[in-house]
Amino acid sequence: MLFNSINFLVFFCVVFTVFWTIPIKYRWILLLISSYFFYMCWEPAYILLILFSTTSDYFICNNLTCSENIKKRKIGLWLNISLNLGMLVIFKYFNFFQDLIKQVLDIFQVSYEPQYSNWLLPVGISFYTFQTISYAIDVYRKEIEVEKHFGKFALFVAFFPQLVAGPIERAKLLLPQINFPKSRFSSQQFQDGLILIIWGLFQKAVVADHVAIYVDQYYNSYVNQTGGALLFATYLFAIQIYCDFAGYSNMARGIAKMLGYELMENFKTPYFSSSITEFWRNWHISLSTWFKDYVYIPLGGNKKGIIQTVKNNMITMTLGGLWHGANWNFVMWGIINGFFISFEKIIHLLFPFKFKWLHFLKIFLVFNLICLTWIFFRSQSFEQAIDIIYSIANLKLKDLYFVIADNRFSTAILGSIFLFLVELQFPNQSVTEIRKKHIIYRYLIYLLLCISILLLGSSSGMQFIYFQF
Amino acid sequence: MKKLGLKILIFIILLFSADRLIGWYLDKLYEQNFYHYSNGHLNYYLKKQHADTLIVGSSRAINNINPLIFGKKTFALGEPKKHLGWFAAVIDLLEQFKKLPKKTLILHLDPEDFNSLHEDQLNSDIHYLKYYYNKNEFIYNEINNASPFEWIKYLSSCFRHNGDNLVLLTNPLQGVGFLPEQNGFIPIKSSDKDSIRVMTEIAKMDKNESASFSSSKAIFYFDHIHDICLKNNIELIIITSPLFKADANFIQSAQLMAEFLKRKNIPYINFLRNCPNALKNIKLWFDNLHFNEQGANLYSKELKILINNLRPQE
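Those sequence lines, one after another, are chains A and B.
My numbering applies: residue 1079 is where the first sequence begins, and numbers increase by one.
My numbering applies: residue 84 is where the second sequence begins, and numbers increase by one.
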């Protein structure tokens, strides 16, 4: 059940109405049942994985990880991490590691026939496993109290607005809201939630899904495409992935807000960043802060000199790449980002000057570098990415004409221009800030968004890109 | 709460008014649309034509078959990338608007139309005719079958034009997308790059797709067309145009389709199996699926002979 489907609209209307009608003490039960139902709409059997993850994490954290005995705590933590990562390895990385073992053994001329698994990747597995790992680490570090209520902990793991594609919530932010929910309906929260949902739906259905048609068309037949077409497709993919994922995150936040819960902001106009480091502070914030808090800082962060900082950056970003998918192109995507961030750190160290007049040039440069990394992200394989870069490097300007001349292209471009105009209106703030604008302006924007969704929105309810992770 | 309720009410009234106004304007544009994308071809036929023999199909029908070779009262009606879902809905519409061909319906089918792997396409075929949601019972039922809540989308007048509105705005500038004097035929001009395109497409052919005749939905749509023809005493002939190069699975699927049609006693002309040598010249092809104008004319003559052979000599 996708957020951009009519079935979800009906589901949410029912949940919303019942939620604000029943007594507060029963609301967590309603949300838990709704969350499990929502997840089972994809593949009912995979609910067992969530139940397994929830039950094991709950008992290990309550019996070991929260213990005063440091040995027990460590055992508990490693059990939590091993079980969650184990699930990820089995369901997400099994075939990848099989290939890796084969490649290594081939070097030593040892014959090995990989046994590939045919299991479908459970939707959202990378998100809820990382959420429970962060909970276990926070309990281990005594940054939060262990959750004693099994049902409420289960809701923390499976809260449906953010279950399948984040934001990866922290227990210290979400659990208190589950334990002490807002008793009164807030019209302000309702309006903000509605704005976020409409804005997210616009990003997804009007922009991302239309842009996706072109990106797929060019990338799927990249061998026959010109460099100009592939360059154009790469810029379009930058728009697609942003609108697809930010659209989902906005809808998730909006849905949670309408139920009285606050989720963390996942994107803050990332394409207006003037450095790759800043880009990663504003892109998929819940994941980048996760890696910062649980990988980068424990490795030593930037406190142990430039060489150690570079090493930590490279490790963190490579793992970040691997998190996205079991494929070498994702690993390479992470490595390139790690390289850019490290390079920036070295440049800042050598030339610690700030030129304000370079700001727009830096934004332009960062956007183009990020687009370069997207080629690895979008490609099906490392070889494909290299072929595409090679084609782009040999582009002829006249090829661009044929891409632009396609008249269906106008929807994607119109949507993108509107999107960036709105983003420019609210730099580094939530779109809910629109409520501070004049009433006529606000209502015109709301109407424009709703009519655009009805007229231009993809009616087929296309899958979100991040569901595959 | 009261203030919020009032705000929502005002917004809904504004949205409803804007939706009706834009929907009304797009309806007007749709009715004047004769450009062949966005059902302009269908619109043209419904408003201005009534053929004795009608050829219905995808781009392989309207690009490959020149109806004038069959006679002045033959018309080719099709949309690119459409399948049995669109054909069934269109023929239902023709019956409703009393525009069914007076004598013969030549339906162009490809074996992939019956492959269950392509059932999603059948669904999108029907949605392509969503303008008729409230106007045609078959389309209404088929759209509602997709989801029990599908009707909610159609509370909006704009939604009937979802996806085609920009084309509707630009179509009046483009006029009619085919020459009316060519009775729906859209010939493709040949160019120097055609043979490269043909060879590239052959290289890209999906060889993993196995032969299949498994889509119950496609069979349902086909039966609907057959029933309409039987009810209205219309001769139904199924054809499959040749490919420059068809892989073995494709030919095998066509064989499965031939057996199905034989059981129903419906004449079937399959050029995938028996393509005359004259049509195998690469210079007659635009790509692996479509002839250029010269190829289309030659193919139409061959097709006419075979169709005439189906009928008892007078």
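Yeah, the Cβ is synthetic: ideal placement off N, Cα and C, and Gly gets one too.
This one's a predicted model, so the numbers in the text were calculated from it and none came from an experiment.
Practice task
Determine which residues share a DSSP beta bridge with B/N353 and list them.
Solution key: Answer by DSSP bridge pairing, in chain order: B/T323.
Problem - Under 9 angstroms by beta carbon: chain A residues contacting B/F94 - result: Per Cβ cutoff of 9 angstroms: Y1521, Y1524, L1525, C1528.
Exercise for the section: Ignore the nearest five residues each way along the sequence and tell me which others in B/N360's own chain have a CB closer than 8 angstroms to its CB. Expected result: The beta carbon of B/N360 is closer than 8 angstroms to none in its chain, skipping five residues each way along the sequence.
Handout entry: Short CB-CB distance (under 9 angstroms) between B/T136 and chain C
Key = Reference to chain C is not applicable here, since the protein chains of this structure are A and B.
Handout entry: Cβ-based neighbour list, A/I1102, same chain, cut-off 8 angstroms, excluding 5 preceding and 5 following
Key = Cβ-Cβ distances below 8 angstroms link A/I1102 to P1259, S1261 in the same chain, with the five nearest sequence neighbours on each side left out; the list follows chain order.
Exercise for the section: Pair every Cβ in the segment 1378-1386 of chain A with every Cβ in the segment 1356-1364 of chain A, then say whether three or more of these pairs are closer than 8 angstroms. Expected result: No contact exists between the segment 1378-1386 of chain A and the segment 1356-1364 of chain A.
Problem - Within 9 angstroms, strictly: CB atoms of B/I390 and B/I352 - result: Pairing B/I390 with B/I352 gives a Cβ-Cβ distance under 9 angstroms.
Exercise for the section: Just the C-alpha distance for B/H133 and B/C312, rounded to the nearest angstrom, thanks. Expected result: Spanning the alpha carbons of B/H133 and B/C312 requires a straight line of approximately 16 angstroms.
Practice task
Identify every residue that forms a DSSP beta bridge with A/T1396.
Solution key: The partner list for A/T1396 (beta bridge, DSSP) is empty, contrary to what the question assumes.
Practice task
Answer yes or no: does any C-beta atom of chain B fall closer than 9 angstroms to that of A/G1398?
Solution key: By this cut-off, A/G1398 is not an interface position.
Practice task
Taking 8 angstroms as the threshold, find out whether the segment 1403-1417 of chain A comes into contact with the segment 1322-1334 of chain A through three or more Cβ pairs.
Solution key: By the C-beta criterion, the segment 1403-1417 of chain A is judged not to be in contact with the segment 1322-1334 of chain A, since fewer than 3 inter-stretch pairs fall below 8 angstroms.
Practice task
Name, please, each residue of chain B whose Cβ falls closer than 8 angstroms to the Cβ of A/S1265.
Solution key: Under the 8 angstroms cutoff, chain B gives M84, K86, L87.
Exercise for the section: State the beta-bridge partners of B/L188 as determined by DSSP. Expected result: The partner list for B/L188 (beta bridge, DSSP) reads B/L137, B/L319.
Problem - Contacts of B/S230 in chain A (Cβ-Cβ under 7 angstroms) - result: Residues of chain A whose Cβ lies closer than 7 angstroms to the Cβ of B/S230 are, in chain order, I1084, N1085.
Practice task
Find the residues of chain B that neighbour A/V1088, judging by a C-beta separation of less than 7 angstroms, and give them in chain order.
Solution key: By Cβ distance, chain B contributes F232.
Exercise for the section: Please confirm if B/I321 has its CB atom under 9 angstroms from at least one CB of chain A. Expected result: Not one chain A Cβ lies under 9 angstroms of B/I321.
Handout entry: Proximity to A/W1120 [Cα-Cα], best of A/S1299, A/N1302, A/L1199
Key = Looking at the Cα atoms, A/L1199 is the closest of the given residues.
Exercise for the section: Determine the burial state of B/D275: buried for a count of at least 16 other Cβ atoms within 10 Å of its Cβ, exposed for fewer. Expected result: In this structure B/D275 is exposed. Its beta-carbon is surrounded by fewer than 16 other beta-carbon atoms within 10 angstroms.
Practice task
Flag A/F1081 as yes if its beta-carbon sits less than 9 angstroms from any beta-carbon of chain B, otherwise no.
Solution key: Answer no: the Cβ-Cβ gap between A/F1081 and chain B never drops below 9 angstroms.
Problem - Exposure label - B/D277; buried when at least 16 CB within 10 Å - result: Flag for B/D277 reads buried.
Problem - Inter-stretch contact (C-beta, 8 angstroms, three-pair minimum) for the segment 1236-1250 of chain A and the segment 1184-1204 of chain A - result: Yes: at least three Cβ pairs fall under 8 angstroms.
Handout entry: Extent of the continuous beta strand (DSSP E) run through B/L160
Key = Start and end: 157-161.
Practice task
Please state if the CB of A/N1082 and the CB of A/K1549 are separated by a distance shorter than 9 angstroms.
Solution key: In the structure as shown, chain A starts at 1079 and stops at 1547, and residue 1549 of chain A therefore has no counterpart that could be examined.
Exercise for the section: Can you say whether B/N146 is buried or exposed, counting buried as having 16 or more other CB atoms within 10 angstroms of its CB? Expected result: Classification for B/N146: buried.
Practice task
With 9 angstroms as the threshold, decide whether the Cβ of A/S1536 is near any Cβ in chain B.
Solution key: Yes, A/S1536 counts as interfacial toward chain B.
Handout entry: DSSP-derived helix/strand/coil call for A/F1238
Key = A/F1238 falls in the helix class under three-state DSSP.
Problem - Secondary structure of A/W1452, DSSP reduced to three states - result: Correct three-state label for A/W1452: helix.
Handout entry: B/K90 at chain A interface by Cβ criterion, 9 angstroms
Key = For B/K90, the answer is yes, since a Cβ of chain A falls inside 9 angstroms of its Cβ.
Handout entry: Cutoff 9 angstroms: B/D102 Cβ touching any chain A Cβ
Key = Yes - at least one Cβ of chain A is within 9 angstroms of the one on B/D102.
Practice task
Please classify A/I1424: is it buried, with 16 or more other beta-carbons within 10 angstroms of its beta-carbon, or exposed?
Solution key: By the neighbour-count rule (16 or more Cβ atoms within 10 Å), A/I1424 is not buried but exposed.
Practice task
Step through the CB atoms of chain A and report whether any lies within less than 9 angstroms of the CB of B/N116.
Solution key: No, B/N116 does not count as interfacial toward chain A.
Handout entry: DSSP state of A/F1369 mapped onto helix, strand, coil
Key = In the three-state DSSP reduction, A/F1369 falls in the helix class (H, G or I).
Problem - Distance, A/L1341 Cα to A/Y1374 Cα - result: C-alpha of A/Y1374 to C-alpha of A/L1341: approximately 23 angstroms in a straight line.
Problem - Chain-order list of residues whose beta-carbon lies under 6 angstroms from that of B/K300 (same chain, five-residue window excluded) - result: If the five residues before and after B/K300 are omitted, its C-beta is found closer than 6 angstroms to the C-beta atoms of E202, L205, all from its own chain and listed in chain order.
Handout entry: B/K155 versus B/L98, B/F268, B/M84, residue with shortest Cα-Cα distance
Key = It is B/F268 whose Cα lies nearest to the Cα of B/K155.
Problem - Segment contact, 8 angstroms Cβ cut-off, at least three pairs: the segment 212-227 of chain B with the segment 1507-1517 of chain A - result: Short answer: they don't touch.
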